[in-house]
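Trainee: Supplied in structure tokens, the structure appears directly below.
There are 2 protein chains.
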Amino acid sequence: MQRITINPAQRVADTLQLNSEQVHYLQRVLRLRAGDRFIAQDGQGQRWQGQLTETPGHAKILSTLAPSLRPATLELVAALPKTGFDDVVRQATELGVTDIQPLLSERTLLKPSPKKLERWQRIAQEASEQCERGYVPQISPPLNFTEWIQDRSVTSGNYFCVARVNAPGLLPCVQTLLSDSPQQSIQLVIGPEGGWTPEEITVAIAHGYQETSLGLGILRATTASLTALAIISSVREQLM
Amino acid sequence: MQRITINPAQRVADTLQLNSEQVHYLQRVLRLRAGDRFIAQDGQGQRWQGQLTETPGHAKILSTLAPSLRPATLELVAALPKTGFDDVVRQATELGVTDIQPLLSERTLLKPSPKKLERWQRIAQEASEQCERGYVPQISPPLNFTEWIQDRSVTSGNYFCVARVNAPGLLPCVQTLLSDSPQQSIQLVIGPEGGWTPEEITVAIAHGYQETSLGLGILRATTASLTALAIISSVREQLM
Chain A
57 MQRITINPAQ
67 RVADTLQLNS
77 EQVHYLQRVL
87 RLRAGDRFIA
97 QDGQGQRWQG
107 QLTETPGHAK
117 ILSTLAPSLR
127 PATLELVAAL
137 PKTGFDDVVR
147 QATELGVTDI
157 QPLLSERTLL
167 KPSPKKLERW
177 QRIAQEASEQ
187 CERGYVPQIS
197 PPLNFTEWIQ
207 DRSVTSGNYF
217 CVARVNAPGL
227 LPCVQTLLSD
237 SPQQSIQLVI
247 GPEGGWTPEE
257 ITVAIAHGYQ
267 ETSLGLGILR
277 ATTASLTALA
287 IISSVREQLM
Chain B
57 MQRITINPAQ
67 RVADTLQLNS
77 EQVHYLQRVL
87 RLRAGDRFIA
97 QDGQGQRWQG
107 QLTETPGHAK
117 ILSTLAPSLR
127 PATLELVAAL
137 PKTGFDDVVR
147 QATELGVTDI
157 QPLLSERTLL
167 KPSPKKLERW
177 QRIAQEASEQ
187 CERGYVPQIS
197 PPLNFTEWIQ
207 DRSVTSGNYF
217 CVARVNAPGL
227 LPCVQTLLSD
237 SPQQSIQLVI
247 GPEGGWTPEE
257 ITVAIAHGYQ
267 ETSLGLGILR
277 ATTASLTALA
287 IISSVREQLM
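First to last, the protein sequences are chains A and B. Taking this note's numbering, I'd label the letters of the first sequence as residues 57 to 296. Taking this note's numbering, I'd label the letters of the second sequence as residues 57 to 296.
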């Protein structure tokens, strides 16, 4: 069933006050009418069955649905590519990412505006509605590599993907990690087009990140993010 | 080193006659000048080191490079989505696909023009140059499902991806298949947005296809293609 994501403040007792965007989506895009049902989610696992009423912008909550289980943490830390990050956010959400941290690299000269962050958050929300995942990934404001890595001291499940062919493959690393505990949190770090500098790799390893490779092929940064997430999601689902 | 894909007829003895597009790419985009070197590939594994000369549109072949090994066959048969197939072609090429067969579904009303096929072939060629794979995938003219499946009788390594959660997962299927012979040919069939009809699934199984699932999440068709290819490429590289 079609879903929308609501803000907790929109729910008052057993009614929902819809905003104009939600009304547009439900009535114009999905063509629902008074009496038709839909699912409202809060993006954090809570879900309700809603029903449009005759009053414009108003819906009734018919029932509280069983909450979605909180998914295992899967964080994508990715250098912003010149283009294509919208698609990365959308596809990463489909593949079950829970958190996204964009990084600014030397090749990303302009810091994206707060508007951009809102846009990515909206794309993530729409993708989570379409793929029927109850959780909307949280997207953090972009940081540069040095800001991001300082004070970090990581243990297992933190992978720094490099283009070096002789680094261990991500697939066997993740299989070993998750075979003991499929719910283990994972953080994946994907570099910019053109790869990490040797200094960045050294710093990441010093902070406890494990270097891993996505294989022999040269992947664009956007393809690399999706490849890594596809591998992790498949291994996790195989073991759960 | 930067590469271009040439047609065998462009190579005469130890010279290359470049076409206007190649001249534009080498001189305007890559800013190479007379005396600068590049790699020419035929898209079928042969590669040469070329060098621009002072004569416009003319290059010298300095040496024949070791040919790329023919990659194991990995065919993607995918229902054409409404939008996004250009990205599928590009990313599938990065992930090592060798053949692409677009399928027309009931939801794809218009048969794409021959121009579209040329465009996909050009995208595949450019992606293969950028990711430094010596092979350019072959893209066949679109067929509808019934035309495509008739006369097919397949054995192992042919996967029909369905959205049914209780179908066996693609990852374990491919691991079992490739553990004996990592070079085994694989054909992956990915359905349209909205999924296969029960009749299509029945027909595919009757032709020997193995039903497999890409997991619990609902993936868009374009994300499903890339997820499946990422899994296969990772398993193959782990075993080779």
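By construction, the Cβ of each residue, glycine as well, lies at the ideal position given by its N, Cα and C atoms.
1) Could you check whether the Cβ of Gln147 (chain B) sits closer than 7 Å to any Cβ belonging to chain A?
2) Any beta carbon from chain A within less than 7 Å of Gln294 (chain B)'s own beta carbon?
3) Have a look at Val210 (chain B) and Tyr265 (chain B) and give me their C-alpha separation to the nearest angstrom.
4) By the 9 Å beta-carbon criterion, what residues does the segment 202-222 of chain B contribute toward chain A?
5) Helix, strand or coil, according to DSSP, for Trp104 (chain B) in the structure here?
6) Where does Tyr366 (chain B) sit, in a helix, a strand or coil, going by DSSP?
7) Chain A beta carbons: is any one of them nearer than 7 Å to that of Cys187 (chain B)?
8) Expressed to the nearest angstrom, what Euclidean distance is found between the alpha-carbon atoms of Gln194 (chain A) and Thr149 (chain B)?
9) Does the segment 241-254 of chain A come within contact of the segment 212-219 of chain A, defined as at least 3 CB pairs closer than 8 Å?
10) Can you list the alpha helix (DSSP H) stretches of 4 or more residues lying completely in the segment 188-261 of chain B, in chain order?
11) Is Gly213 (chain B) closer than 7 Å to Ser241 (chain B) when the C-beta atoms are compared?
12) Going straight from the alpha carbon of Ile179 (chain B) to that of Lys172 (chain B), what length do you get?
13) For Leu282 (chain A), would you say it is in contact with chain B, using Cβ-to-Cβ distances shorter than 7 Å as the test?
14) Where Val133 (chain A) and Leu199 (chain A) are concerned, what is the direct C-alpha to C-alpha distance, given to the nearest angstrom?
15) Below 8 Å on the Cβ atoms is my guess for Ile95 (chain A) versus Gln78 (chain A); work out the distance and round it to an integer in Å.
16) Just to check my reading of the structure: Thr278 (chain B) and Val144 (chain B) have Cβ atoms closer than 8 Å, yes? What is that Cβ distance to the nearest angstrom?
17) Quick check: is the beta carbon of Pro170 (chain A) nearer than 7 Å to any beta carbon in chain B?
18) Can you tell me whether Gln266 (chain A) is helix, strand or coil according to DSSP?
19) What residues in its chain sit with their C-beta under 7 Å from that of Ala286 (chain B), if we drop five residues either side in the sequence?
20) Quick check: the Cα distance between Glu110 (chain B) and Leu82 (chain B), rounded to an integer number of angstroms?
21) Please tell me whether Gln147 (chain B) and Leu270 (chain B) are closer than 7 Å, where the distance is taken between their beta carbons.
22) Pick out whichever of B:Gln181, B:Cys187, B:Glu182, B:Asp142 has its Cα sitting closest to the Cα of Pro168 (chain B).
23) So is Gly273 (chain B) in contact with chain A if we call contact Cβ pairs under 7 Å?
24) Quick one: is Gly99 (chain A) near chain B, going by C-beta distance under 7 Å?
25) Which term fits Gly91 (chain A), buried or exposed, when burial requires 16 or more other beta carbons within 10 angstroms of its beta carbon?
26) Using a C-beta to C-beta distance shorter than 8 Å, which residues of chain A count as neighbours of Glu150 (chain B)?
27) Give, in chain order, every residue of the segment 240-251 of chain A whose Cβ lies closer than 8 Å to some Cβ of chain B.
28) Which residues in chain B sit within 8 Å of Gly225 (chain A), going by Cβ to Cβ distance?
29) Between which two residues does the beta strand (DSSP E) containing Ser119 (chain B) stretch?
30) What is the DSSP secondary structure of Thr283 (chain A), reduced to helix, strand or coil?
31) Counting Cβ pairs, one atom from each stretch, are 3 or more of them under 8 Å apart for the segment 181-197 of chain A and the segment 252-259 of chain A?
32) Determine, using beta carbons only, whether Leu227 (chain B) and Thr268 (chain B) come nearer to each other than 7 Å.
33) In angstroms with no decimal places, state the Cα-to-Cα distance between Gly101 (chain A) and Pro112 (chain A).
34) Which of the three DSSP states, helix, strand or coil, is assigned to Ile62 (chain A)?
35) Could you tell me whether any Cβ in chain A is nearer than 7 Å to the Cβ of Ala286 (chain B)?
Mentor: Put simply:
1) If you number the second sequence from 1, residue 147 (chain B) lands on position 91. Yes - at least one Cβ of chain A is within 7 Å of the one on Gln147 (chain B).
2) Against the second sequence, residue 294 (chain B) aligns to sequence position 238. Yes, its Cβ sits closer than 7 Å to a Cβ of chain A.
3) Working through the second sequence from its first residue, we reach residue 210 (chain B) at position 154. Working through the second sequence from its first residue, we reach residue 265 (chain B) at position 209. In a straight line, the C-alpha of Val210 (chain B) is about 7 Å away from that of Tyr265 (chain B).
4) none
5) Locating residue 104 (chain B) in the second sequence gives position 48, where the first residue counts as 1. Strand, per DSSP.
6) Outside the modelled stretch of chain B, which goes from 57 to 296, sits residue 366 (chain B), for which no answer is possible.
7) For the purposes of this step, residue 187 (chain B) is taken as residue 131 along the second sequence, with counting starting at 1. At least one chain A Cβ lies under 7 Å of Cys187 (chain B).
8) On the first sequence, residue 194 (chain A) is found 138 positions in, with the first residue counted as 1. On the second sequence, residue 149 (chain B) is found 93 positions in, with the first residue counted as 1. Whole-angstrom Cα-Cα distance: 31 Å.
9) yes
10) 201-205, 226-236
11) Here residue 241 (chain B) is taken as the residue at index 185 of the second sequence, counted from 1. Here residue 213 (chain B) is taken as the residue at index 157 of the second sequence, counted from 1. Yes. Within cutoff.
12) As a first step, residue 179 (chain B) must be located in the second sequence, where it is residue number 123. As a first step, residue 172 (chain B) must be located in the second sequence, where it is residue number 116. Cα to Cα, the separation comes out at about 11 Å.
13) Position 226 of the first sequence, counting from 1, holds the residue named residue 282 (chain A). By this cut-off, Leu282 (chain A) is an interface position.
14) Numbered from 1 along the first sequence, position 77 holds the residue referred to as residue 133 (chain A). Numbered from 1 along the first sequence, position 143 holds the residue referred to as residue 199 (chain A). Computed Cα separation, rounded: 10 Å.
15) To locate residue 95 (chain A), count along the first sequence from 1; it is residue 39. To locate residue 78 (chain A), count along the first sequence from 1; it is residue 22. Rounded, the Cβ-Cβ distance is 12 Å, inconsistent with contact.
16) The residue given as residue 278 (chain B) occupies position 222 in the second sequence. The residue given as residue 144 (chain B) occupies position 88 in the second sequence. Rounded, the Cβ-Cβ distance is 5 Å, consistent with contact.
17) As a first step, residue 170 (chain A) is located in the first sequence; it is residue number 114 there, counting from the start. No, its Cβ sits nowhere closer than 7 Å to a Cβ of chain B.
18) Residue numbering aside, residue 266 (chain A) sits at position 210 when the first sequence is read from its first letter. Residue state, collapsed to three classes: strand.
19) For this step, residue 286 (chain B) is matched to residue 230 along the second sequence. Cβ within range, chain order: Leu151.
20) Counting from one through the second sequence, the residue named residue 110 (chain B) turns up at place 54. Counting from one through the second sequence, the residue named residue 82 (chain B) turns up at place 26. C-alpha separation (whole angstroms): 13 Å.
21) Here residue 147 (chain B) refers to the residue found at position 91 when the second sequence is read from its first residue. Here residue 270 (chain B) refers to the residue found at position 214 when the second sequence is read from its first residue. No, Cβ-Cβ distance for Gln147 (chain B) and Leu270 (chain B) is not below 7 Å.
22) Looking up residue 168 (chain B) in the second sequence gives position 112. Per the Cα distances, B:Asp142.
23) In the second sequence, residue 273 (chain B) corresponds to position 217, counting from 1. Yes, Gly273 (chain B) lies at the interface with chain A (some Cβ there is under 7 Å from its Cβ).
24) Within the first sequence, the letter at position 43 stands for residue 99 (chain A). Chain B, which has no Cβ nearer than 7 Å to the Cβ of Gly99 (chain A), makes this no.
25) Counting from one through the first sequence, the residue named residue 91 (chain A) turns up at place 35. Gly91 (chain A) should be labelled exposed.
26) Numbered from its first residue, the second sequence carries residue 150 (chain B) at position 94. Simply Gly273, Ile274, Leu275, Arg276, Thr279.
27) none
28) The residue given as residue 225 (chain A) occupies position 169 in the first sequence. What Gly225 (chain A) touches in chain B: Ser290, Glu293, Gln294.
29) Taking the second sequence and counting its residues from 1, one reaches residue 119 (chain B) at position 63. Taken as a continuous stretch (DSSP letters only), the beta strand (DSSP E) holding Ser119 (chain B) covers 114-121.
30) Locating residue 283 (chain A) in the first sequence gives position 227, where the first residue counts as 1. It is helical.
31) no
32) Along the second sequence, read from residue 1 onward, the residue named residue 227 (chain B) stands at position 171. Along the second sequence, read from residue 1 onward, the residue named residue 268 (chain B) stands at position 212. No; because the gap between Cβ atoms is not below 7 Å, this pair is not in contact.
33) Within the first sequence, the letter at position 45 stands for residue 101 (chain A). Within the first sequence, the letter at position 56 stands for residue 112 (chain A). Cα to Cα, the separation comes out at about 27 Å.
34) As a working mapping, residue 62 (chain A) is identified with position 6 in the first sequence. Coil.
35) Along the second sequence, read from residue 1 onward, the residue named residue 286 (chain B) stands at position 230. At least one chain A Cβ lies under 7 Å of Ala286 (chain B).
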